[in-house]
Structures are given as structure tokens and as C-alpha cells.
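S.K.:
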Amino acid sequence: ATEVDINNLASLQDEWSKGGFHPLGGDDTSGFLRRLVVALSPHGNFIGEKLPQQGSMQPVIGRSPLIFLRQRTQGFALALEKILEDLQNRKEIPSFLSRIVGIDLSEGKSENPEKEYNEFPGGEPEEILFSKPWNKEQLKIAERLENYGAVLVQGPPGTGKTHTIANLIGHLLAQGKSVLVTAHTSKALRVLRDKIVEPLRPLCVSVLDNDLESRKQLEEAVNHIVEQLNHGDAKTFEERAKDLSSQRRQLIKEIQTLQQRLLDAVGSEYRPIVIGGESYDPCEAARLVAKGKGVHDWIPGPVERGEPMPLSIQELVELYQTNAAVTPEEEREMLFGLPSPESLMYPERFAELSGILSHPVNSLGSEFWDDEKKGREIVETLDELAKETKKIGKELLEAEDWELAAVDSGIKGKIYCEPWNNLIRLLGEIEELKANSQELFILHRPRLAENISFEEQERLAVELAEEASRRGSIGGLSLIFRPAWRRFIQNAKVASGQPTKIQHFQALAALAKLSRLRSELILRWDYLVARHGGPELDKQSEEPERAAVQRLGRIQRLLEFSDKRLSPLIEKLKSYGFDWDAFIKQRESESSPFAEFRTLGKVLMEELPEIIESRVSSIRHYWARVEIENLEKVLRDIQKIHKGAIVSRLYSAVKNLDSENYSTAYEMLSDLHRRQTHLKRRKELLTKLEQFAPGWAAAIRARQGVHGKAQLPGDPVEAWRWRQLEEELKMRTSVSVSELQELINRRTEALRQITAELIKCKAWAAQLKRTTLEQQQALMGWLNIMKKLGKGYSKLAPYLRAEAARKLNVAREAVPVWIMPLPRVVEQFDPRTTRFDVVIIDEASQCDSLALTALYLADKVVVVGDHEQVSPEGIGQELERIRDIIVEYLKDIPNAILYDGRRSIYDIARESFGGTIMLVEHFRCVPEIIQFSNHLSYNGSIRPLRESSKVPLKPHVVPYRVQGAIVERKVNKKEAIELASLLVAAAKHPAYENKTFGVISLVGEEQARYIDSLLRRYLSEQEYKSRNILCGTAAQFQGDERDVVFLSLVDASTGTPLPLRETDRFRQRFNVAASRAKDQMWVVYSLDPYNDLKEGDLRRRLIEYALDPEAVTRALVRESGRTQSPFEKEVLNRLITAGYRTHAQWPVGYYVIDLVVEDSENRIAIECDGDRWHPIEKLPEDLARQAVLERLGWRFIRIRGSEFYRDPEGTMKWVFEQLDAHGIKPEGYLPKNNMNDTRGEIVDEVIRTAALLRKEWEEI
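Numbering (my numbering), first residue to last: 2 to 1261.
1. Using the Cα positions of residue 460 and residue 557, report the straight-line distance between them to the nearest angstrom.
2. Find out if the Cβ-Cβ distance for the pair residue 307, residue 276 is shorter than 9 angstroms.
3. Identify whether residue 582 lies in helix, strand or coil by the three-state DSSP scheme.
4. Are there 16 or more other CB atoms within 10 angstroms of the CB of residue 867, so buried, or fewer, so exposed?
5. What residue from 946, 760, 34, 55 has the CA that sits closest to residue 10's CA?
6. Should residue 863 go down as buried or exposed, given a rule of 16 or more other Cβ atoms within 10 Å for buried?
7. My guess is that residue 205 and residue 170 are in contact by the Cβ rule of under 8 angstroms, so how many angstroms apart are they, rounded?
8. So within the region 144-231, which uninterrupted alpha helix (DSSP H) runs reach at least 4 residues, ignoring any that extend past its ends?
9. When the Cα of residue 1152 is compared with those of 1142, 312, 1191, which residue comes out closest?
10. Look at the alpha carbon of residue 13 and the alpha carbon of residue 57, and state the distance between them as a whole number of angstroms.
11. Could you round the C-beta distance between residue 559 and residue 407 to whole angstroms and report it? I think they count as a contact, below 8 angstroms.
12. Which one of 959, 1183, 362, 850 has the shortest CA to CA distance from residue 98?
13. Cα separation between residue 499 and residue 479?
14. Look at the alpha carbon of residue 296 and the alpha carbon of residue 706, and state the distance between them as a whole number of angstroms.
15. What do you get for residue 456, buried or exposed, if any count of 16 or more other CB atoms within 10 angstroms of its CB means buried?
16. Assign residue 1134 to buried or exposed, taking buried as 16 or more other Cβ atoms, counted over all protein chains shown, within 10 Å of its Cβ.
17. Taking only beta-carbon atoms, is residue 1254 less than 9 angstroms away from chain C?
18. Does residue 463 come out as helix, strand or coil in the three-state DSSP assignment?
19. Distance check for residue 1247 and residue 1083, CA to CA, integer angstroms please.
20. Does DSSP classify residue 1079 as helix, strand or coil?
21. What residues in its chain sit with their C-beta under 7 angstroms from that of residue 1069, if we drop five residues either side in the sequence?
22. So, for residue 1: in the same chain, excluding its five sequence neighbours on each side, which residues have a beta-carbon less than 7 angstroms away from its beta-carbon?
23. Under the assumption that residue 1038 contacts residue 1078 (Cβ atoms under 8 angstroms), give the Cβ distance between them as a whole number of angstroms.
24. Taking three-plus beta-carbon pairs below 8 angstroms as touching, is the region 943-954 in contact with the region 1148-1167?
25. Using the Cα positions of residue 815 and residue 117, report the straight-line distance between them to the nearest angstrom.
26. DSSP beta-bridge partners for residue 1200?
27. Hey, residue 1155 and residue 1168: beta-carbon distance below 9 angstroms or not?
28. Should residue 76 go down as buried or exposed, given a rule of 16 or more other Cβ atoms within 10 Å for buried?
29. Using 9 angstroms as the threshold, is the C-beta distance between residue 271 and residue 1170 below it?
30. Quickly, what does DSSP pair residue 922 with across the bridge? List them, please.
31. Within the continuous alpha helix (DSSP H) that includes residue 1221, where are the two ends?
32. Bridge partners of residue 1149, per DSSP?
33. Decide if residue 817 is buried, meaning its Cβ has at least 16 other Cβ atoms within 10 Å, or exposed.
34. Expressed to the nearest angstrom, what Euclidean distance is found between the alpha-carbon atoms of residue 857 and residue 1099?
35. What whole-angstrom Cβ distance do residue 398 and residue 602 have, given they're in contact under 8 angstroms?
36. Would you say residue 923 and residue 158 are within 9 angstroms of each other, going by their C-beta atoms?
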């Protein structure tokens, strides 16, 4: 026995795990086996492709590959059993699962109306977090998943299914959801993790094949998750997420604002300009502006846009005429706020006041006045007081002594006034008695008795009147007992003799009383009046009181003289600040009776009026000064803002108290105001004009140039329109579309980065909160078991798988996103305990009904597939047995009869989930390739976005006819050989450097295997691998792609038309096959399409398309060419004239660009905004198209028609500067024929080389 070097073997084992040696590999595999046998023994032998013989004493290794078949994994069966067990206990079944079996749990629930989304940057809702570029279909998927819990997504070939899933994963991670992404095979999932943005990849664990790269990714992801779980902090992530959310909201708002500004800026080229109700197209307006320069541009700006001309033509004529009617000097006087004459002091008043101020103030008696009390209002009162003072003084001087005695009594008070008041009262009583007794005296003429006092007679007469009243008359008996009565009756007389009646006695009583009162009056009068030299009463007169009555009013006034005349005068003087007490104290009176009154009268009549008049003069002088100073201040304030000559002259006159100059200046001002009609009208018109055209009004006011003349400079209507259009166009073009676009692009990129970081923080925060230590440990244990399991060939494999499943059952929640094929899912997850928030099934149209096991794990589900692509084949299934099972077990299941081996989970979801969201943006193939599938299976709904012109391989679809071929056992050898020779020739051509190749047989695997064998024979192993060559059927290619694909139709002519191929199964194959090539598709066929194939046959349709793939494109270009606008043509001509290589109506997949300018290295799009050919209603759609193309790397220059037509030279200069800034040089045009020949030569050279290769192969 030979001793084996363990270290050497360990080294070889490591080489084996890293080398990826294939059993069918070439020299690299043989070299490894040769090193291995030598390591086992120096005498070891590698015998090549032979089977080692038994009995050798030394190790021998030979190569003899075989296919080892064993029973299919029992994972699905076990999973189904667990599901059946769990169904008995599961409390809630998701509505999408119940709908599959015909039970609608959502009945009665209101449906949320789906939102309409645009594809502008920043147009996504705040609650949807996409870390990659998105489209509205992706937004709808996220919304529908949230609202309904189940979404069906149709993903035609190359429409970014993986990109969509990656974006959706990011959104779900931000919500803290657990996600499972699965598919029928690992192939569909292999690139998914790489499509997820880098910050989120560590959150996603891919469990795919057992190759080195898959194991490496798995280990890195799990290690990263465990690292974060050990050292991460949920609170820190949450705080960071909160900050990022705020930044994101702000960014979205900024982008939306910028987008709206961009929409407004571009839209301004389409919105009509309305002036006074009349509408103008912006380009038409620009032409009018250009045409009107130098003719109608005399109205200065700015003007109020959109308004009619503010003045009529007649008003404008009148306004310009005021330039001659009013001198500039006069206008300046008024414009600076010239005061009105009424607001100033009249010249007469000024003369009066200046006269007052010109005389000195008399200070007589000033010491008796309070100087603070000199209000203007007391001047007139003091004048009246002076008059009253003289009057009172005169009365005192002229009064008699008795009158002064009465005054003195009035001054001394009530006691002294009593006699006088009694006198007055007595006179009143006498007069009253006379009036009341007049009738008695007239009728009875009473005469009193003599020698009896008046008082006694009055008493007796009263008694007798009363007696007569009682008894009716006076009897004798009464007189006997009353001698006084008898004596009175005998001596008193009435007209009829002796008094007898009551009336007689009443008359006598009144006369007696009157006589008594008169006697008292005489006594009082003599004492009060006559004693002081006053007139005496006539005692002999029947009415001595007459003289007293005449003086009654005088007496009353004298008694009230002090209270009503003198004291009020003194109080008023005091109230106006006069010190009466001090004044009167200095006046001495004589010692004669009533001398003080004489002295007071003299003071009041002579001295005090002069003092009052002096005070009045002082006050008038003071207020004159105040008025003059106020006028001076007013004029000084006016002069600060008005430098006119009139105000200056008025001010100077006031300052110098020059009434003559003041009057002259005032008259000038009044004259200017009287002539103000023109000025006022001018001001009115200018004010009216200024509201809408301030610049024009200012020019007229300043009389600038033509605006200072008396005639209009031109047609005001045309000039107003010109200025309105010019201002509006200038405003609309003031916003730079290019700058806005650049800002939007920068903000959008920042938004993606922030969103990705935000998703990461939200996801890790949620993950750290819900993951336990047990789950962390289980995750690491599961990883180590998976590493030990390896490819699963050891005897311990079943045990290790079971243990891995147990570990994963615990560790599942430690990983937010699992990516694994369906067989792995049923192996690793227990459906009784495993629930994912969301399960995503990719390439669902290839998954049969066993994929229901994955749906069972989901609370919500997204099914992605395409019923127009290849579905499960159901190979090897017994259809009769299947039908029996259906009848037995699926009695009440909708469409039960369809549950055979060909029924996909996509078909099931399509019947149960409702509306389908179709992805339409195609990124894989150039339009010339994908258009066949587009029209074959999708009614032209796909929007190809890849640009053909950047792909040098031309033509993109190459038809190649094979002559004289036959088919044996599903193999067309001649067609296969020629196809293989074409591929080998292409691999040798420089134009196909680094291109990958694929071969698809449209009939069966036999043709593909035969072609593959040829390629392996005639290509080196290195070349075969580097070209990533795959030969197979359409089903084997589904989910895959290559740069160049060769299609083999296989069928050959039989002399009669072949059976028609038009069924759905064949259409699915042709759809998949014709959509795998990115750059070039060769259609290799051995049929005459018109003789060997019937109308409508899919093979004929494919051949016809290959013969003329540009037919549809030519029609589109032809139609779009008809819509080219004059604006685009003018720009195109200027670009071409400047030497720029320019193309009109440039197709970019589904879209068309107005103009494209290119050089040998760069290319840029030019959009012409503002033509009637582009309606404003289409503007949002146009900008959304730009947003899509910018995602593909296009950059845009937008030219405004309104700007171009106003200034073509300036606009094109800016365009040339933009082109230069983007690195595009005016290189002129390449010769068209040479370019086409060069492109044609590539294919010709490949065909010629292939023919030579076949000759060589025949000789081998």
C-alpha cells in the first residue's frame, strides 16, 4: 500500500471546491483528475476517456460519464401532507387561497379605487419606497398588494420582471415585512439578488444551487445578518430612519415643485397668450414680435400681461396733447404735491396777522393775568367783557345814592335786602289787590269812615261780610249788640248809601286793606328811597304807589346788580386768569357815602377795559405768531419734498412777514390751480395708464424722447399688442428648462440613494426588534449544516436536510428576505408553522400547481409570469390517472378539469386573483427583434426602450435559408451544420467580440443537442464557456437571454404544405424563442414560406418577419414623418447647416424623439416645444416619456418656439453651447452607402466564413 499525503489531498479538495470542474469538462477536468491520481500514488494512472478495469493494484482514474437517475424528491408530497394537517387547525385562510377553491371571503368588502400615477420623477407616493427607477406599473403592484393581498403581474419578455421584484422587495423591507421569493428553478432567481440595491443585499439570503458562488453569497449574507443582529441597535436605526424620512419628504416636495415648474415652463410654449380676450399661439406671437421690432416696439415695459390697452385711442391722443398744454415746470410743481390754496392761509388773513405781529404788545396790567390762560377762544369773550366792564362802570358812576343803597344792600346779603324785598312784595300785593277788587270798586264805590283806622275798618268789614253771608243781611239785633258794627255802617258809604249787602262789605274790606297797604308803602318808600335823596311818593294822590311801581324793575335790578352783573363779571375775569383781588386791592376809595361804588365805577369804566384790551392784544399777538409759525412749518414740510419756486416764495414771504410777496405767490398758486384742468386730466390718464403700463406712464411723465411730443408715436393698438407679446414671451422663457431638468435629475438620484438608505434603516430596525437570540443561533446552525450538506450526495444527506429544515423553522424570521427555488422551499420550510408576510412567485407560468405549497405560506402574494410564454409540459404524467384523481378529489374546485400537469400557478392565479397588471417597458431586445413577439402575443402593447442605433450588429434580424435539407428523427442535420458554422464564424468575427450566443430549436431537444455537439466539437472549451453558449428549446431558454441567438425551425420541405402550426402552445414557444436575443437574431430555416407553409402558420410569420423586420417600423416612421412641424424643420436646417449630424423623428424603441444630434461618441435628444403639432394635453405624457428615456441614459435639450422665433440666432447659439457642453462636435455626415455596406459586410463575412468552415469540416 502506498502512503497518501494528507496535506496534498486537502489542497486538491480545496481546488475541487473552488474550480467548478464539470464531469463533461475538457482539458481542465482531465488535468485535475491526473493530479488527483498522482496524489493518491506515484504509480497512479489517468487513462483518459476509458473505463478502468478491475483488479489493478495501483489507483487508476478514467473518464466515462453517465446519467444517474433516482426517484424525485419527496419534499412536495411531504409538504402537501403537512398542509392538509394544518388546514384542520388554521384559523384564517387568506382570501386569495379561498378564491382558488371557489370561496370568496371578500364579498361585501368595499374596494378602494386605484390611484392614477404619473411617471414623473418624485411622482411616487410617500408611503411607497422604491430604491430603483420605477414605472407606474410597479406603483400599481405595490398599491394593489396593500389593498387586496394578491397581485397578478404579467411580465412579457424583457420587461424588467426581476427589476420590478427587486424594487418591490425594497418597499416590503421598509414595511418590516418578511418576504419569500421563489420560482420553478434557480435560473430565474440567480440574478435577483444582484438587482437589489447594494445597501439592501445583506438583508436577502439566496439559497440556490450548490455551486461555489451560491454558497459564497449565502455565507456572506448570513454572516452580515448575524453581525448586525449582534451589534446593531434598533433605536439608532429608527432615529436615522426618521431623519431620512424627513429628508425624503422634503426631496419629493422639491422634485414635485421642480417638475411642476418644468411642466409650466414647457407648457408655456403651448398655452395660448390671451390679450384682452384675443388668443395668440406662442410661436405665432414670437413671429409677430420679431416682425414688429423697430416699428411697434415704442411702448416701454413693463406692462400688465394679458390686459387690454388701458386707455382708448382718444384718451391717448388727449394724454400726449397735454405735453404741449402743460409746461414741464408746471407739471413738476404739481407732481411734487403742490398744496391747494384752500389749505393755506388767505392773503387777507396773513396781512392781518402780519399786521398784528408788526405792532409791539402793550403790557398794561399784565401782572394781573395768568399767562398760561390765553386760549384763542377767550379773545372774543374778553372783548365782550371789556364792553360789559365799561357798561357796569358807567352805571355805577351815574347811579343815585338810593340806587347805590339798593346795590349795597344787594351786595351785603339777604338781611339787608329784606326791606327792599318787602317793599317789592308790598307793591306786588297792592297791585294784585287793586286788580282783584276793581270790579267791587266800580260797582259799589266804597268810602271808608273817618276817624277809624284802616286796620279796624278792614276787620269790621270782613266780619260784617261774613255775617251777611250767614244771615243774608245785617239785622238790627246784631247792630244793637255790636256798636262797632253800627258805627262803621253809619260812617262808611257805598254807592247806594249805607252798606247792607255782603258785596258792600267786601268792597269796603278791600278798600280798607288797600289804604292800609298804601300807608305802609309810603313809610317804607320814605325810609328806603326818599331818605337817600330818591323821589318821594305823592301822598295826596289816590294811587301814591304809581311812582314806586314805575321804579320796581329798577329796584330789582339794583338788588341783583352784584349777583347778576358785577360778580359774574369778576368771576369771568378770574376764570380767564385775571387776579381781581390783587387788582382791586390797589384801588383806594373816598370816605363819602357810597364812595367805593363811585371808585369801582371809575375803575370799571376807565382802567379795567384798557387792561382787558391790552390782554386781548397780547393773546392775539400770541396766536398770530402761532398761526404764522404753523404756516411756516407747513410750507417748510412741503418744501422738503417739493422744491418748486412757488412754495419757496411762499415760505420766504411767511418767514419775512411779507404780506405783499405772500399775496403774489398765493395768487400764482391759485392761478396754477385754476389752470389745473389739463394737469388733473393728465394725472388721471397717467394714473389709469400706470396701473397696467407703469413704464409707459413713466416715459410720458418724464417726456422721454417720442413720449414728450404732442402726437402719438405710432399705432397704439399694434404697439400694445407687441409689448404684451414681448413681455409674456420674455416671462415664459425666463425659466431655464435645462437647469430645471438638471436639478430634477440630481434630486432624483439623491432621492433614490436616500430611499435605499431609509429602507435599510427601517428593515434593520424591524429585524432587530423581532429577532431573538435563539433565532440568531439557529440561523448560524442552519448555515453550517448547509455547508456540510454540500451537494447532498452523502449518506447523511437526508438527516442533514431534516436538521436544516428544523433549524430554518426557528431561524426563518431572522432573515427578512429568502430567495430560493420551490424544491428548496418545500424542503426547508414547514407549512404548519411558517408564514411569510409576502410570497413572490417568479416565472409562475413555468410553475405547475405544486407551487400552491408556496402560496400556502403567504399572507399576501405576488404572482409574476406570462401566459403567453411556455407553460409546464407535464412530461411523463398519466393523463387517465390524473383525470380519475380530479374526479375523485376536486369535485367542487373551479375549473378542476384543467388541473393536469400543464396547468401553471399563473393560470390558477389568473382565474382567481382578478385584474392583471402588465409590465410594458421592454429593455432587453432592440425593437427590430422584439416587435415580432410584440405583435404576435401582445397586440403591440410592449414599449421597446432599447435604442437600435447604439448596437453595431446590423441587421438585427438575419434570415438564412438552407437549401435541400431533410428531417430525420426530429433532426435537420444540414440546417444544424449550417447554423453551427454560422455561430462559429460569428465567434471568430471581431464584430462579435465578447458576445454571448444561444441556439433555440423550435421543434424539439434533438436538434438542439445535435447543434450543441457540433459546437463543442468545433469550438474550444474556453471559447464555449466564455461565449456562455446554450443550446436548447424555448422552454429551456425561458428566463434567459443572449446577445446573439440562432433560431432553428428544423422542419424541411416535404413537397406539400406542412400541417398548420398556430396553437397557443406553439405561439408560446415562438414568443419565447423570438425574444431571447438582445442584439441580433438569426432565423435559420429550410422551408419555402409561401409553398411549404400555409397562411397564418407561425413558422411562416416568423420567416416573413425575418425577411422584412422593418415593415412595421417603416410605417411608424412614415406616419411620424408626416407630423414634423415647420419649427422642427427650421431647427433641423440650422443644425445641419452648422455641421451637426442631425436626425429627425428618431425612433427609440416605442418612442420617437423630435431631433437627435450625434457625433462619433455622443448623442443627445432635442425637443421642439411650442408647435400646434404638439397639443398641450399631451405635455404630461411627453414629459413622462422624457423621464423614461432619461432612465435609459438619454439627455435632452428643449428649444422653445417662442424664444426661437423672437431671436433665432441667439437661441441657436445657446443650443450650440449646450451641444458643446455635452461633448458633441459638428462632425458632419458619414457617407450613407459606406455605412450600410459596412454593416452588411459583417453578415456577409460571417456567411462566407461559415461556408469555408463547412468545407473544412467535411474534410475532417
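Note that the Cβ used here is the ideal one computed from N, Cα and C, for glycine as well.
M.R.: For this structure:
1. Using only the alpha carbons, I get a separation of about 33 angstroms.
2. Yes, the Cβ-Cβ distance between residue 307 and residue 276 is below 9 angstroms.
3. Helix.
4. Buried, because 16 or more other Cβ atoms sit within 10 Å of the Cβ of residue 867.
5. Residue 10 has its Cα closest to that of 34, out of 946, 760, 34, 55.
6. Burial call: buried.
7. By a beta-carbon distance limit of 8 angstroms, residue 205 contacts residue 170. Their separation comes to about 7 angstroms.
8. As far as the region 144-231 is concerned, its whole alpha helix (DSSP H) runs of at least 4 residues are 162-175, 193-196.
9. Minimum Cα distance to residue 1152 is reached at 1191.
10. Looking at the two C-alpha atoms, the distance is approximately 23 angstroms.
11. About 4 angstroms; that satisfies the 8 angstroms criterion.
12. With distances taken between Cα atoms, residue 98 lies closest to 850.
13. If I take the Cα positions, the gap works out to 16 angstroms.
14. In a straight line, the C-alpha of residue 296 is about 15 angstroms away from that of residue 706.
15. Classified as exposed, residue 456 has fewer than 16 neighbouring CB atoms from the shown chains inside 10 Å of its CB.
16. Burial call: exposed.
17. Chain labels in this structure do not include chain C; a single protein chain is all it has.
18. In the structure shown, residue 463 sits in a helix (DSSP, three-state: H, G or I).
19. Taking the straight line from one Cα to the other gives about 12 angstroms.
20. In the three-state reduction of the DSSP assignment, residue 1079 falls in the strand class, which pools E and B.
21. Answer for residue 1069: 869, 870, 871, 872, listed in chain order.
22. The chain is shown from 2 up to 1261; residue 1 falls before or after that span and cannot be answered.
23. Between residue 1038 and residue 1078 the beta-carbon gap is near 10 angstroms, outside 8 angstroms, which marks them as no contact.
24. A contact exists between the region 943-954 and the region 1148-1167.
25. Answer to the nearest angstrom: the Cα atoms are 37 angstroms apart.
26. In the DSSP output, where bridge partners are listed per residue, residue 1200 has 1169.
27. It is a contact, given that the beta carbons lie within the stated cut-off.
28. Burial call: buried.
29. A contact, by the Cβ cut-off of 9 angstroms.
30. For residue 922, which the question treats as bridged, DSSP gives the partners 944.
31. Residues 1209-1222.
32. Answer is 1152, bridged to residue 1149.
33. The residue is buried, with at least 16 neighbouring Cβ atoms inside 10 Å.
34. The alpha-carbon atoms of residue 857 and residue 1099 are separated by roughly 39 angstroms.
35. At roughly 4 angstroms, the Cβ-Cβ gap stays under 8 angstroms, so residue 398 and residue 602 are in contact.
36. Going by C-beta atoms, residue 923 is nearer than 9 angstroms to residue 158.
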